[in-house]
DNA sequence: GGAAGTACCTACAATTTTGTTAGTATACCG
DNA sequence: CGGTATACTAACAAAATTGTAGGTACTTCC
């Protein structure tokens with residue numbers, strides 16, 4: 001797992017290529033908390049601690065980190081009102097909403113197919 | 125962050141609920157290798173080592189493990205021809221293909237939006 | 001004959017991810 | 001006054017993920 005041919009400069013993005021940046025982006029969107037944050041934030045604005053309560057069990061650390069990652073990639077918009085105690089609003093950008101729609105679609109599909117999935121599951 | 129109210133027996137699956145099984149399933153489909161395996165296997169049959177080469181940098185260990193997880197949840201079909209040297213074919217089941225279509229959609233979207241994403245990215 | 005390919009598994013080790021705790025400045029509630 | 005809430009960060013610890021090396025049983029290619 002050392003070196004792979006770097007993708008040629010003008011090559012089309014391909015998630016199957018180990019070194020393609022698109023793979024990292026996909027990784028972000030499908031990461032444990034990334035995906036859930038997108039689902040929770042789709043179509044609405046929430047404060048930091050509201051997002052936290054929505055997901056139920058993210059630690060503050062992970063939430064902050066993941067939100068920063070999404071923000072750095074233009075998916076999340078962060079608006080900090082400079083007051084004490086702090087008040088920060090999070091919402092999705094346009095591309096963020098697009099990504100969220102897809103992730104949500106997947107999440108909803110899973111929720112809808114749970115009976116079949118659990119039914120055909122092979123218990124270990 | 126210890127205990128959460130267990131989801132009521134008849135409750136509808138909800139990925140935002142920490143203890144809902146649908147969250148685990150979503151986790152599988154969006155896991156590092158899970159998502160890529162679905163993309164690679166969509167619409168075709170590949171042997172173990174072919175899948176490995178498609179992804180480029182999975183270790184055998186992770187590939188085997190992830191394939192088993194997907195198989196256990198009815199997403200992947202494993203057909204072992206009893207010969208030496210070993211020959212095993214992997215393909216997606218019907219629900220597997222459904223899931224793959226969604227994951228693929230996300231992957232393709234990411235690939236297509238890479239210019240915008242990288243453009244609005246905030247380098248650290 | 002020796003090397004490589006096949007589809008794994010099993011220890012063991014390294015790496016990455018995630019969690020925990022504490023701290024900050026201030027306001028509001030009882 | 002004491003406790004709670006807010007949105008984080010830093011330091012440290014624990015846990016989960018991932019990689020590495022070696023073995024298997026036999027075949028084909030050089």
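Residue numbers (my numbering), protein chains in the order written: chain D, 1 to 124; chain U, 125 to 248.
Backbone N, C-alpha and C fix where the C-beta goes; we use that ideal spot for every residue, glycine too.
Flag residue i as yes if its beta-carbon sits less than 7 Å from any beta-carbon of chain D, otherwise no.
i: residue 235 of chain U; result: yes
i: residue 215 of chain U; result: no
i: residue 231 of chain U; result: yes
i: residue 198 of chain U; result: yes
i: residue 228 of chain U; result: no
Could you tell me which residues DSSP pairs with residue i in its beta bridges?
i: residue 211 of chain U; result: U/205
i: residue 171 of chain U; result: U/213
i: residue 15 of chain D; result: Answer is none; residue 15 of chain D lacks a bridge partner.
i: residue 182 of chain U; result: None, per the DSSP bridge assignment.
i: residue 234 of chain U; result: Answer is none; residue 234 of chain U lacks a bridge partner.
i: residue 76 of chain D; result: D/92
Does any residue of chain U bring its CB to less than 7 Å from the CB of residue i?
i: residue 1 of chain D; result: Caution applies to residue 1 of chain D, whose pLDDT of 40 falls short of 50 and renders its modelled position unreliable; the model cannot decide the point.
i: residue 82 of chain D; result: no
i: residue 13 of chain D; result: yes
i: residue 121 of chain D; result: yes
What residues in its chain sit with their C-beta under 7 Å from that of residue i, if we drop five residues either side in the sequence?
i: residue 126 of chain U; result: Here residue 126 of chain U scores only 46 on pLDDT, less than 50, and its place in the model should not be relied on; the value that follows carries that caveat. Taken in chain order, the list of residues that qualify is empty.
i: residue 199 of chain U; result: 216, 217, 219, 220, 223
i: residue 182 of chain U; result: 157, 176
i: residue 245 of chain U; result: none
i: residue 36 of chain D; result: 55
By Cβ distance below 8 Å, which residues in the same chain neighbour residue i in space, the five residues on each side in sequence not counted?
i: residue 202 of chain U; result: 191, 195, 212, 213, 214
i: residue 169 of chain U; result: 213, 214, 215
i: residue 225 of chain U; result: 166
i: residue 26 of chain D; result: 15
i: residue 40 of chain D; result: 46, 51, 54, 55
In chain order, what residues of the same chain lie with their CB nearer than 6 Å to the CB of residue i, ignoring the 5 residues before and after it?
i: residue 63 of chain D; result: 52
i: residue 23 of chain D; result: 15
i: residue 80 of chain D; result: 88
i: residue 172 of chain U; result: 212
> Taking a cut of 9 Å between CB atoms, which residues from the region 16 to 27 of chain D lie near chain U?
Replying inline: Taken in chain order, the members of the region 16 to 27 of chain D whose beta-carbon sits within less than 9 Å of a beta-carbon on chain U are 16, 17, 18, 19, 20, 21, 22, 23, 25, 26, 27.
> Of the residues that make up the region 36 to 70 of chain D, which ones have a beta carbon closer than 7 Å to any beta carbon in chain U?
Replying inline: Within the region 36 to 70 of chain D, the residues whose Cβ lies closer than 7 Å to some Cβ of chain U are 36, 39, 40, 54, 55, 56, 57, 59, listed in chain order.
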